[in-house]
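If you count by the numbering used here, then the sequence shown holds residues 613 to 869, one letter each, in order.
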Amino acid sequence: MIFMYVWRMITEIAKAAQIIGSLKSLTVFTGAGISAESGIPVFRGEGGLWQQYNPEILDINYFLSHPLVSWTAIKKLFYDFLKGAKPNAAHFALTELETMGISTTIITQNIDNFHQMAGSRNVIEFHGTTKNLICTKCHRMVVATETILSDLPPQCEQCHSLLKPDFVFFGEGIPHQAYTASLEAATHCDAMLVIGTSGEIMPASLIPIEAKRNGAIIIEINSDKNVFATEKSDIFICAKAGEVLLQIVELIKTEKS
Ligand code: APR
């Protein structure tokens, strides 16, 4: 039984490497699972943030009416936790694909900036970023420094209104540019590598569906089975992102040398 499982995984990794290695460009769609090996908790499932916190802290209406409660949790979960955390082998493997001549567009639902820290250049932040804060009234943008976050809830220097992280809350729309650029990348790719997402959040989960609808091969890496795996992926590799991507990169390197 275990032998069959391992054999199947090796075969799927080899197939994925063969497809990715033959491409000039690749679109990647990432979720919280790719950052799990950096010690960042995922949202759903075992050990996920929503087992400990009520997701309403990220609901825009709740945030506006309870800024201190929301900000206290947000600071702990998305700022204190990220302090000192670094991209992992999976993020670096994607950068390496680019170095090997495979032009890579990364659409990420993550707000941790790890893809850019690992050196990826073409990154679309579908859900925004923790890096900046935006004024809920005058829309002035500032960098999220420790000083600004030392007094919660943070206020705009200009109009003294509430500052909000520049990432997408429940009840808010996706930034227009990120949305159109993601759809464009999904529509025109030959293959999409889907990594570490439960696929439960709309409209993000439409991106791989759009790619598939336009004929792309969907290769998925996830440490667990989920909606994409059972319904949409052509190749599904059930393992940790870092481990799998390192093997894929090594196989492509061998093939190209
Ligand atoms: N390697 C690969 N996959 C992993 C790993 C790992 N090391 N660890 C966990 N996973 C998988 C889980 O099996 C799960 O399917 O990552 C997925 C994480 O799912 P979610 O926590 O739902 O994260 P995500 O899909 O990114 O959530 C989407 O929900 O609350 C919002 O805005 C938030 O962007 C987020 C969105």
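Yeah, the Cβ is synthetic: ideal placement off N, Cα and C, and Gly gets one too.
The closest CA to that of K852, considering only W619, A648 and G633, is found on A648.
The beta-bridge partner set that DSSP reports for P777 consists of L745. Secondary structure note for N673: its alpha helix (DSSP H) is the uninterrupted segment I672 to S677. Under DSSP, A803 takes part in a beta bridge, and its partners are I829. Between the ligand APR and F655, a heavy atom-to-CB distance of less than 7 Å is present. Scanning the stretch 676-728 from its first residue to its last, the whole beta strand (DSSP E) runs of 3-plus residues come out as 715-720. Of the other Cβ atoms in all chains shown, fewer than 16 fall within 10 Å of the Cβ of E758; this residue is therefore exposed.
For T623, the enclosing alpha helix (DSSP H) begins and ends at I614 to G633.
Put simply, of T642, K627 and A823 the residue whose alpha carbon is nearest the alpha carbon of A797 is A823. Counting only the Cα atoms, V618 lies some 45 Å from I672. Nearest in C-alpha terms to C750, of all of H739, L774 and S762, is L774.
For V780 against H739, the beta-carbon gap comes to about 4 Å, under 8 Å, which counts as contact. Residues C747, C750 and R752 of the same chain have their beta carbon placed closer than 8 Å to that of Q770, with the five preceding and five following residues left out of the count. Cβ neighbours of T809 within its own chain (closer than 6 Å, five residues either side excluded): G643. With respect to the C-alpha of W683, the residue from P766, K698, N744 and F726 having the closest C-alpha is P766.
Secondary-structure assignment with DSSP links C850 through a beta bridge to N834.
For the pair I723 and T707, the CB atoms are not nearer than the 8 Å cut-off. In the DSSP assignment, L761 falls outside any beta strand (DSSP E), carrying neither H nor E.
Cβ neighbours of A790 within its own chain (closer than 7 Å, five residues either side excluded): I736, E737 and F738.
By DSSP's assignment, S637 forms a beta bridge with S715. Contact between the stretch 689-700 and the stretch 625-635 is absent, with fewer than three C-beta pairs closer than 8 Å.
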